[in-house]
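Numbering (my numbering), first residue to last: 1 to 77.
Here a beta-carbon is modelled for each residue, glycine too, at the ideal position from N, C-alpha and C.
Contents: one structure, followed by commentary.
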């Protein structure tokens, strides 16, 4: 199974619940693909996921005439 998550880490109050949900699916051997803009406030949340990260790439996209860095991570156990 594959779970696709996009732009989920924008509300710090939800980070603990999101982490628990992600680890729940990882425990079931689900591959998770997470894409998200790189936000300073989300750095601690993303760092907690790094032990599960098997592949990571950053791409630049244009949004409202500005370049935005988007992180794409493949998470697996």
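Separation of residue j from residue i, as counted between CA atoms
| i | j | result |
| --- | --- | --- |
| residue 27 | residue 77 | 7 Å |
| residue 5 | residue 36 | 8 Å |
| residue 53 | residue 44 | 14 Å |
| residue 59 | residue 13 | 27 Å |
Three-state secondary structure assigned by DSSP to residue i
| i | result |
| --- | --- |
| residue 8 | coil |
| residue 54 | strand |
| residue 30 | coil |
Integer-rounded CB distance, given that residue j should sit under 8 Å from residue i
| i | j | result |
| --- | --- | --- |
| residue 79 | residue 8 | Beyond the ends of the chain as shown, which are 1 and 77, falls residue 79; an answer cannot be given. |
| residue 32 | residue 75 | 4 Å |
| residue 30 | residue 3 | 5 Å |
Start-to-end residues for the alpha helix (DSSP H) that takes in residue i
| i | result |
| --- | --- |
| residue 71 | Looking at the DSSP string, residue 71 is not in any alpha helix (DSSP H); the run it does join, the beta strand (DSSP E), is 66 to 75. |
| residue 41 | Run containing residue 41: none; DSSP gives neither H nor E here. |
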